[in-house]
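S.K.: Those sequence lines, one after another, are chains A and B. In the numbering used here, each residue carries its 1-based index in the first sequence increased by 67. In the numbering used here, each residue carries its 1-based index in the second sequence increased by 221.
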Amino acid sequence: GQQVMQIPQYQHVQEGEDFTTYCNSSTTLSNIQWYKQRPGGHPVFLIQLVKSGEVKKQKRLTFQFGEAKKNSSLHITATQTTDVGTYFCAGDNYGQNFVFGPGTRLSVLP
Amino acid sequence: DAGVTQSPTHLIKTRGQQVTLRCSPISGHKSVSWYQQVLGQGPQFIFQYYEKEERGRGNFPDRFSARQFPNYSSELNVNALLLGDSALYLCASSLVNTEAFFGQGTRLTVV
Numbered sequence: 068g069q070q071v072m073q074i075p076q077y078q079h080v081q082e083g084e085d086f087t088t089y090c091n092s093s094t095t096l097s098n099i100q101w102y103k104q105r106p107g108g109h110p111v112f113l114i115q116l117v118k119s120g121e122v123k124k125q126k127r128l129t130f131q132f133g134e135a136k137k138n139s140s141l142h143i144t145a146t147q148t149t150d151v152g153t154y155f156c157a158g159d160n161y162g163q164n165f166v167f168g169p170g171t172r173l174s175v176l177p
Numbered sequence: 222d223a224g225v226t227q228s229p230t231h232l233i234k235t236r237g238q239q240v241t242l243r244c245s246p247i248s249g250h251k252s253v254s255w256y257q258q259v260l261g262q263g264p265q266f267i268f269q270y271y272e273k274e275e276r277g278r279g280n281f282p283d284r285f286s287a288r289q290f291p292n293y294s295s296e297l298n299v300n301a302l303l304l305g306d307s308a309l310y311l312c313a314s315s316l317v318n319t320e321a322f323f324g325q326g327t328r329l330t331v332v
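#1: Count Cβ pairs between the stretch 298 to 312 of chain B and the stretch 88 to 102 of chain A that sit closer than 8 Å; are there 3 or more?
#2: If distances are taken between C-alpha atoms only, which option among A/Val80, A/Val122, A/Ser174, A/Gly83 comes closest to A/Ser139?
#3: Where does B/Thr319 fall in DSSP's three states?
#4: For A/Val166, return the contacting residues in chain B, with the cut-off set at a CB-CB distance below 7 Å.
#5: Can you have a look at B/Tyr270 and say buried or exposed, based on whether 16 or more other CB atoms are within 10 angstroms of its CB?
#6: Taking the alpha-carbon positions, what's the B/Arg284 to A/Glu82 distance?
#7: Go ahead and pull the three-state DSSP assignment for A/Gly152.
#8: Only counting runs of 3 or more residues, tell me where the beta strand (DSSP E) segments fall wholly within the stretch 85 to 156 of chain A, in order along the chain.
#9: Between B/Ser254 and B/Arg243, which are expected to be in contact by the criterion C-beta below 8 Å, what is the C-beta distance as a whole number of angstroms?
#10: Going along chain B in order, which residues have a C-beta closer than 7 Å to the C-beta of A/His109?
#11: Using a Cβ-based criterion (distance less than 7 Å to any ligand heavy atom), does B/Arg243 qualify as near the ligand ZN?
#12: Would you say B/Glu296 reaches chain A, if we count a Cβ-Cβ gap shorter than 8 Å as a contact?
#13: Let me know the secondary structure DSSP gives B/Gly277 once reduced to three states.
#14: Using a Cβ cut-off of 7 Å, pull out every chain B residue sitting near A/Gly170, in sequence order please.
#15: Quick one: give me the first and last residue of the beta strand (DSSP E) that B/Pro232 is part of.
#16: Would you say B/Gly305 faces chain A, with C-beta separation under 8 Å as the test?
#17: Name the chain B residues whose beta carbon is nearer than 8 Å to that of A/Gln100?
#18: Short check: CB of B/Leu303 to CB of B/Gln238, under 8 Å?
#19: Distance, Cα to Cα, A/Asn164 vs B/Phe266?
#20: Measuring only between beta-carbons, confirm whether A/Phe132 sits less than 8 Å from chain B.
#21: A/Pro110 to A/Val166, Cα distance in whole Å?
#22: With distance defined between alpha-carbon atoms, name the residue in A/Pro106, A/Arg172, A/Lys137 nearest to A/Gln100.
#23: Under 8 Å between C-beta atoms, does B/Gly277 make it to chain A?
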């Protein structure tokens with residue numbers, strides 16, 4: 068079945084440093100979504116990418132969808148303590164429901 | 222508008238017992254999905270219901286079942302509970318193929 072992997076598993080950064088998490092799917096995706104989950108909270112939708120090579124920005128966050136639609140990345144510029152949490156990608160395998168990756172847990176040291 | 226609501230928020234059950242978890246989607250959302258999230262892992266897909274019909278099932282045993290009601294609310298049932306069923310159970314509602322809105326989840330502990 069479809070597998071979605073994310074690296075790194077954990078990332079500790081100093082406030083102000085940049086952060087990137089990478090997501091890879093074993094199969095081609097129709098679209099990919101990114102979610103953020105704060106400690107003790109529930110996943111909150113960040114963005115959906117649909118087109119091959121698509122790049123979307125939300126303030127300090129930049130999301131990319133690979134040309135082959137099998138990988139994606141989330142980059143945060145100048146991290147802040149409010150960015151702390153676990154970032155999940157979720158791949159849609161053409162209607163066969165979203166498969167979540169294991170997440171990247173981000174810690175930001177003030 | 223109210224978001225996705227789940228009940229109960231916390232639950233403690235004994236091995237072998239049965240449990241029913243409830244979810245009310247956002248008004249207008251006809252799709253409801255259930256996920257199991259074990260501590261430190263990503264949500265694992267259990268079921269998706271759309272217009273009261275099962276649209277997808279994840280790799281979970283038959284002890285797990287669900288249904289969706291005419292008002293689009295949903296129940297997840299788990300029979301013969303095992304210790305390994307202890308997890309956060311998340312419900313998410315959405316329009317078709319759009320962002321999923323998650324509820325706060327039900328924390329199930331099996332002892």
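Where is the CB? At the ideal position from N, CA and C, for every residue including glycine.
M.R.: Quick answer:
#1: no
#2: Looking up residue 139 of chain A in the first sequence gives position 72. Taking only the C-alpha atoms, the option nearest A/Ser139 is A/Val122.
#3: Along the second sequence, read from residue 1 onward, the residue named residue 319 of chain B stands at position 98. Note: B/Thr319 maps to coil in three-state DSSP.
#4: Here residue 166 of chain A is taken as the residue at index 99 of the first sequence, counted from 1. Ordered by position in chain B, the residues that pass the 7 Å Cβ test against A/Val166 are Phe266.
#5: By 1-based counting over the second sequence, the position of residue 270 of chain B is 49. Buried is the call here.
#6: Here the question's residue 284 of chain B lines up with position 63 in the second sequence. Here the question's residue 82 of chain A lines up with position 15 in the first sequence. Roughly 46 Å between the two C-alpha positions.
#7: As a working mapping, residue 152 of chain A is identified with position 85 in the first sequence. Strand at A/Gly152.
#8: 86 to 92, 98 to 104, 111 to 116, 122 to 125, 128 to 132, 138 to 143
#9: Stepping through the second sequence from its first residue, residue 254 of chain B is reached at position 33. Stepping through the second sequence from its first residue, residue 243 of chain B is reached at position 22. Their Cβ separation, rounded to whole angstroms, is 14 Å, which puts B/Ser254 and B/Arg243 out of contact at 8 Å.
#10: Here residue 109 of chain A refers to the residue found at position 42 when the first sequence is read from its first residue. Within 7 Å Cβ-Cβ: Leu311, Phe323, Gly324, Gln325, Gly326.
#11: As far as ligands go, the structure on display features none, and thus does not contain the ligand ZN.
#12: Taking the second sequence and counting its residues from 1, the one referred to as residue 296 of chain B is at position 75. Not an interface residue.
#13: Here the question's residue 277 of chain B lines up with position 56 in the second sequence. If DSSP states are grouped into helix, strand and coil, B/Gly277 belongs with the strands.
#14: Taking the first residue of the first sequence as 1, we reach residue 170 of chain A at position 103. By Cβ distance, chain B contributes Gly263.
#15: Taking the second sequence and counting its residues from 1, the one referred to as residue 232 of chain B is at position 11. According to the sequence as given, residue 232 of chain B is Leu; it is not Pro. Counting along the chain, the unbroken beta strand (DSSP E) around B/Leu232 starts and ends at 231 to 234.
#16: Position 84 of the second sequence holds residue 305 of chain B. Closer than 8 Å: no.
#17: Here residue 100 of chain A refers to the residue found at position 33 when the first sequence is read from its first residue. Within 8 Å Cβ-Cβ: Glu320, Ala321.
#18: Working through the second sequence from its first residue, we reach residue 303 of chain B at position 82. Working through the second sequence from its first residue, we reach residue 238 of chain B at position 17. Taking 8 Å as the Cβ cut-off, B/Leu303 and B/Gln238 do not qualify as a contacting pair.
#19: As a working mapping, residue 164 of chain A is identified with position 97 in the first sequence. As a working mapping, residue 266 of chain B is identified with position 45 in the second sequence. Going from the Cα of A/Asn164 to the Cα of B/Phe266 covers about 8 Å.
#20: Numbered from its first residue, the first sequence carries residue 132 of chain A at position 65. Judged by the 8 Å Cβ criterion, A/Phe132 is not in contact with chain B.
#21: The residue labelled residue 110 of chain A in the question sits at position 43 within the first sequence. The residue labelled residue 166 of chain A in the question sits at position 99 within the first sequence. Looking at the two C-alpha atoms, the distance is approximately 14 Å.
#22: Here the question's residue 100 of chain A lines up with position 33 in the first sequence. Checking every option, the nearest Cα to that of A/Gln100 belongs to A/Lys137.
#23: Walking along the second sequence from the start, residue 277 of chain B turns up at place 56. Closer than 8 Å to some Cβ of chain A, the Cβ of B/Gly277 qualifies, so yes.
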